[in-house]
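Residue numbers (the working numbering): 184 to 347.
For glycine and all other residues, C-beta sits at the position ideal for the given N, C-alpha and C.
Encoded as structure tokens, the structure appears first; notes follow it.
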């Protein structure tokens, strides 16, 4: 009887609480990507903790980075799109049962292929920009990053699923 209650509790955590906690984590991470413009009245020094924290995962070149309240964000526009996709995808999974059900029934391979497809589109976008075929904008980078972040979240969700 005790094992059955424990199993039910694990299932509840896996299906209800874990997605909300993940969404909260990705929301906090997304808030950090906004950078020091969120609370500082003027641009900080280059080595401000926001820039240092994200420097290992994202180059925030000034010409490729949005400004928040006139201050450069902690990540470039493409990375901002990726973090936004991670956050919105986590909230969709946590709050919309139909969406969560679709994910539960999708094979992880299919979701990984979708993430790979979005990544390939980004490579083509960067190559086209480098070859002078078109010019990327902050918004186009953010949009492509959003799609990649959305499907990246779902391609790795299996690693965080609690055993039932």
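Beta-carbon spacing of residue i, residue j below 8 Å
i           : j           : result
residue 296 : residue 331 : no
residue 325 : residue 247 : no
residue 336 : residue 273 : yes
residue 298 : residue 338 : yes
residue 215 : residue 270 : no
residue 249 : residue 314 : no
Which of helix, strand or coil DSSP assigns to residue i
i           : result
residue 279 : coil
residue 222 : coil
residue 251 : strand
residue 262 : helix
residue 256 : coil
residue 335 : helix
residue 309 : helix
residue 324 : helix
residue 239 : coil
residue 315 : coil
residue 227 : coil
residue 211 : helix
Supposed contact pair residue j and residue i - C-beta distance, whole angstroms, cut 8 Å
i           : j           : result
residue 328 : residue 265 : 4 Å
residue 251 : residue 207 : In fact, because the Cβ distance is near 21 Å, the residues do not count as touching under 8 Å.
residue 294 : residue 334 : 6 Å
Buried/exposed call for residue i, threshold 16 Cβ in 10 Å
i           : result
residue 258 : buried
residue 202 : buried
residue 222 : exposed
residue 268 : buried
residue 276 : buried
residue 255 : buried
residue 243 : buried
residue 205 : buried
residue 213 : buried
Proximity test, Cβ basis, 8 Å: residue i and chain C
i           : result
residue 265 : No chain C is part of this structure, which consists of one protein chain only.
Notebook entry, point to check: Are there three or more Cβ pairs, one per stretch, closer than 8 Å when the segment 304-317 is compared with the segment 222-233?
Noted result: no
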